[in-house]
Amino acid sequence: VHRANLESAPPEQTRARQLERFNLLLSELLPHNHFYASKFKSLSMPIDWHGFAQLPFTTKPELVEDQSAFPPLGTIATYPRERYLTYHQTSGTTGRPLVVLDTPESWDWWTECWQYIYRAAGVTDRDRLFMAFSFGPFIGFWAAHAAALKLGALGIPGGGLDSKARLHLMASAQATVLLSTPTYALRLAEVARQEDIDLSQLGVHTTIHAGEPGASLPSVRDRIQRAWGAKCFDHAGATEVGAYGYTCDTQTGLHVIESEFIAEVLDPQSGQTVSEGSVGELVL
């Protein structure tokens, strides 16, 4: 199905596709994944929306605990290790890192999700994307880099360099798009001032940010846009979930990629869906 058709599909068509794909996922997952087979042992297939609403939450601490109890991958791994292509783990800043492996199919899905982000930001195959990221085991912009190659754009890795060297590489490679955390975009701008580098002459027309909420905060977004003379976009994702959200040119809020994710906004106390316009917790 063409990506543009998915983005413009009517809500009822999107909902039907979500449920169909969720049932397909469960039919593949449950026979092979001990963690979810145990968690969903009372589940009746195929599931409808009423059954979906009864599903228990799965939290990151649960997944970390499972890997701690059954190292190194826990019972959450669906396939033998030989099936997997990429290895990533969460940063571990709040405790034990969570290891997440991807098969060729799931990694391709990650990069497909990033196509929505690039499309919304106006990035094309003519762009040159600079990844100001360490390229360590944290997933960071690994998927963004792979997705840039899939798009046909030039991906420029910025790992292993200090800020000054990154700025010079951006200039020599004629980067047109910067990908970084919001705070690091501001740090690069500070170093550019110290080094008398005119960011407006670099040719960067777009910045895309993740890892922090800054690019969705008007005050931070405006600082980045003024410093770089570029349009600023936000992206939301998680190692254990995927690249699920992005902002568009209107900069009025975050879009969830509903063709790939089911989003609910729930009252954290009752677990019930909140009414339109009310505040709740996003559950994917």
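Each residue of the sequence shown is one higher than the last, beginning at 1 in full-length UniProt numbering. Quick reminder that beta carbons are idealized off the backbone N, C-alpha and C, glycines included.
Between the beta-carbon of residue 178 and that of residue 207 there is about 5 angstroms, and that keeps the pair under the 8 angstroms contact cut. Counting along the chain, residue 41 sits inside no beta strand (DSSP E), nor does DSSP assign it H or E at all. Annotation for residue 229: 200 place their beta carbon closer than 6 angstroms to its own, counting only its chain and skipping 5 residues before and after.
In the assembly as shown, residue 50 is an exposed residue. Its beta-carbon has fewer than 16 other beta-carbons within 10 Å.
Secondary structure remark: continuous alpha helix (DSSP H) runs of at least 4 residues inside the segment 32–97, in chain order: 34–39, 49–53 and 60–69.
The beta carbons of residue 128 and residue 176 sit closer together than 8 angstroms.
Distance from the CA atom of residue 174 to the CA atom of residue 135, rounded to whole angstroms, is 21 angstroms. Nearest in C-alpha terms to residue 46, of all of 39, 38, 69 and 20, is 20. In the three-state scheme derived from DSSP, where H, G and I count as helix and E and B as strand, residue 220 is classed as helix.
The way I'd put it, the segment 19–36 does touch the segment 74–86; three or more beta-carbon pairs between them come closer than 8 angstroms.
Runs of the beta strand (DSSP E) lying entirely within the segment 235–266 and spanning at least 3 residues, in chain order: 242–246 and 264–266. Residue burial is scored here from C-beta neighbours: residue 193 has fewer than 16 other C-beta atoms within 10 angstroms and is therefore classed as exposed.
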